[in-house]
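The structure appears below as C-alpha coordinates.
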Amino acid sequence: MLKTNLPVLNISDRVLFPFSELKLEITDEKIKKSLDISEKYYNGYLLFVLSVAKDNLSKIGVVAKIITNLQMPNGNNKLTLKGVERVNIVNCNLTGDVCDATISKIDFPKINPVESIAMANKLKEIFEKYLENKKSLGNSI
6 MLKTNLPVLN ISDRVLFPFS ELKLEITDEK IKKSLDISEK YYNGYLLFVL
56 SVAKDNLSKI GVVAKIITNL QMPNGNNKLT LKGVERVNIV NCNLTGDVCD
106 ATISKIDFPK INPVESIAMA NKLKEIFEKY LENKKSLGNS I
(Lines of atoms letter the chains of each structure in order from A; the text may use other names.)
(Lines give C-alpha, C1' and ligand atoms only; values in the text may rest on other atoms or scores of the structure.)
Protein backbone atom coordinates (compact mmCIF):
# COMPACT_ATOMS: atom_id res chain seq x y z
CA MET A 6 0.00 0.00 0.00
CA LEU A 7 1.59 3.27 -1.16
CA LYS A 8 1.65 6.04 1.45
CA THR A 9 2.43 9.68 0.83
CA ASN A 10 2.30 12.98 2.70
CA LEU A 11 0.32 16.13 1.91
CA PRO A 12 -0.34 19.40 3.73
CA VAL A 13 -3.82 19.50 5.29
CA LEU A 14 -6.57 22.01 4.65
CA ASN A 15 -8.90 21.53 7.62
CA ILE A 16 -12.32 23.10 7.01
CA SER A 17 -15.27 22.63 9.38
CA ASP A 18 -18.20 23.91 7.31
CA ARG A 19 -17.60 22.76 3.73
CA VAL A 20 -17.41 19.41 1.98
CA LEU A 21 -15.40 18.56 -1.13
CA PHE A 22 -16.17 15.44 -3.15
CA PRO A 23 -13.95 13.77 -5.75
CA PHE A 24 -14.46 15.26 -9.23
CA SER A 25 -16.23 18.37 -7.88
CA GLU A 26 -15.04 21.94 -7.41
CA LEU A 27 -15.28 24.14 -4.33
CA LYS A 28 -14.72 27.89 -4.06
CA LEU A 29 -13.51 29.34 -0.76
CA GLU A 30 -12.36 32.68 0.57
CA ILE A 31 -9.46 32.15 2.96
CA THR A 32 -8.70 34.63 5.74
CA ASP A 33 -6.80 32.37 8.19
CA GLU A 34 -3.00 32.79 8.06
CA LYS A 35 -2.37 29.15 9.06
CA ILE A 36 -4.42 27.95 6.08
CA LYS A 37 -2.56 30.38 3.80
CA LYS A 38 0.74 28.77 4.93
CA SER A 39 -0.61 25.32 4.00
CA LEU A 40 -1.64 26.64 0.58
CA ASP A 41 1.81 28.15 0.04
CA ILE A 42 3.54 24.87 0.96
CA SER A 43 1.14 22.95 -1.28
CA GLU A 44 1.92 25.14 -4.28
CA LYS A 45 5.69 25.24 -3.68
CA TYR A 46 6.37 21.60 -2.85
CA TYR A 47 3.35 19.47 -3.83
CA ASN A 48 2.36 20.86 -7.26
CA GLY A 49 -0.77 22.40 -5.72
CA TYR A 50 -2.04 19.18 -4.16
CA LEU A 51 -3.26 19.05 -0.58
CA LEU A 52 -5.53 17.00 1.65
CA PHE A 53 -8.98 18.50 2.20
CA VAL A 54 -10.37 17.32 5.53
CA LEU A 55 -13.68 18.02 7.18
CA SER A 56 -13.00 18.42 10.89
CA VAL A 57 -15.55 16.57 12.97
CA ALA A 58 -14.74 18.59 16.08
CA LYS A 59 -12.01 20.99 17.09
CA ASP A 60 -8.61 19.26 16.79
CA ASN A 61 -10.33 16.01 15.74
CA LEU A 62 -9.78 15.13 12.10
CA SER A 63 -11.80 12.50 10.32
CA LYS A 64 -10.18 9.24 9.15
CA ILE A 65 -10.97 9.96 5.49
CA GLY A 66 -10.13 13.00 3.37
CA VAL A 67 -10.09 14.08 -0.25
CA VAL A 68 -6.93 14.84 -2.19
CA ALA A 69 -7.54 18.22 -3.80
CA LYS A 70 -5.78 20.21 -6.51
CA ILE A 71 -5.57 23.99 -6.26
CA ILE A 72 -7.06 25.31 -9.51
CA THR A 73 -6.85 29.02 -8.62
CA ASN A 74 -5.41 30.86 -5.64
CA LEU A 75 -5.86 34.60 -6.06
CA GLN A 76 -4.49 37.11 -3.55
CA MET A 77 -7.15 39.80 -3.03
CA PRO A 78 -6.43 43.47 -2.16
CA ASN A 79 -7.95 42.93 1.31
CA GLY A 80 -5.36 40.19 2.03
CA ASN A 81 -7.75 37.27 1.64
CA ASN A 82 -7.22 34.46 -0.84
CA LYS A 83 -9.93 33.37 -3.29
CA LEU A 84 -9.41 29.68 -3.78
CA THR A 85 -10.85 27.11 -6.18
CA LEU A 86 -10.20 23.45 -5.38
CA LYS A 87 -10.95 20.35 -7.44
CA GLY A 88 -11.46 17.05 -5.65
CA VAL A 89 -9.26 14.27 -7.01
CA GLU A 90 -9.83 11.14 -4.91
CA ARG A 91 -10.94 9.96 -1.47
CA VAL A 92 -8.10 8.62 0.74
CA ASN A 93 -7.47 7.15 4.20
CA ILE A 94 -5.65 9.32 6.72
CA VAL A 95 -2.96 7.17 8.34
CA ASN A 96 -1.66 9.86 10.71
CA CYS A 97 -1.30 13.60 11.07
CA ASN A 98 1.70 15.63 12.24
CA LEU A 99 1.53 19.25 13.34
CA THR A 100 4.74 21.18 12.65
CA GLY A 101 4.40 24.80 13.67
CA ASP A 102 1.22 26.10 12.07
CA VAL A 103 1.06 23.46 9.33
CA CYS A 104 -0.52 20.03 9.59
CA ASP A 105 0.95 17.32 7.38
CA ALA A 106 -0.93 14.03 6.86
CA THR A 107 0.24 10.62 5.75
CA ILE A 108 -2.40 9.18 3.44
CA SER A 109 -3.04 5.90 1.69
CA LYS A 110 -5.26 4.92 -1.20
CA ILE A 111 -8.67 3.42 -0.43
CA ASP A 112 -9.24 0.08 -2.11
CA PHE A 113 -12.90 0.12 -3.07
CA PRO A 114 -14.56 -3.26 -3.60
CA LYS A 115 -15.41 -4.29 -7.14
CA ILE A 116 -19.12 -3.95 -7.87
CA ASN A 117 -20.98 -6.16 -10.28
CA PRO A 118 -22.28 -4.03 -13.23
CA VAL A 119 -25.83 -5.30 -12.69
CA GLU A 120 -25.67 -4.32 -9.00
CA SER A 121 -24.23 -0.94 -9.98
CA ILE A 122 -27.20 -0.21 -12.26
CA ALA A 123 -29.64 -1.37 -9.57
CA MET A 124 -28.00 0.92 -6.98
CA ALA A 125 -28.05 3.87 -9.39
CA ASN A 126 -31.76 3.30 -10.07
CA LYS A 127 -32.50 3.12 -6.33
CA LEU A 128 -30.55 6.33 -5.71
CA LYS A 129 -32.46 8.05 -8.51
CA GLU A 130 -35.76 6.89 -6.96
CA ILE A 131 -34.78 8.23 -3.51
CA PHE A 132 -33.64 11.54 -4.98
CA GLU A 133 -36.88 11.96 -6.93
CA LYS A 134 -38.85 11.42 -3.68
CA TYR A 135 -36.65 14.03 -2.01
CA LEU A 136 -37.39 16.52 -4.79
CA GLU A 137 -41.14 15.87 -4.52
CA ASN A 138 -41.05 16.74 -0.80
CA LYS A 139 -38.85 19.81 -1.21
CA LYS A 140 -40.96 22.98 -1.38
CA SER A 141 -38.45 25.08 -3.33
CA LEU A 142 -34.97 24.69 -4.69
CA GLY A 143 -32.36 27.32 -5.40
CA ASN A 144 -29.41 26.99 -7.76
CA SER A 145 -27.79 24.53 -5.39
CA ILE A 146 -29.30 21.74 -3.35
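Everything in the sequence shown is counted per our numbering, starting at 6 for the first residue and increasing by one. A virtual CB, placed ideally from N, CA and C, is assigned to each residue, including glycine.
Three-state secondary structure (DSSP) of residue i
i      : result
Val20  : coil
Gly88  : strand
Phe53  : strand
Asn93  : strand
Gly66  : strand
Asn81  : coil
Pro114 : coil
Residue range of the unbroken beta strand (DSSP E) whose run includes residue i
i      : result
Asp105 : 103 to 110
Lys134 : Not the beta strand (DSSP E): Lys134 falls in the alpha helix (DSSP H), residues 118 to 138.
Lys201 : The question about residue 201 has no answer, for the chain in this structure spans 6 to 146.
Extent of the continuous alpha helix (DSSP H) run through residue i
i     : result
Lys45 : 34 to 46
Residue nearest to residue i in terms of C-alpha spacing, selected from the options
i     : options                     : result
Cys97 : Ile72, Ile65, Thr85, Ala125 : Ile65
Glu34 : Asp18, Phe22, Leu14, Phe53  : Leu14
Ala1  : Asn82, Asn79, Gly88, Lys45  : The requested residue 1 is not part of the displayed model; the chain covers only 6 to 146.
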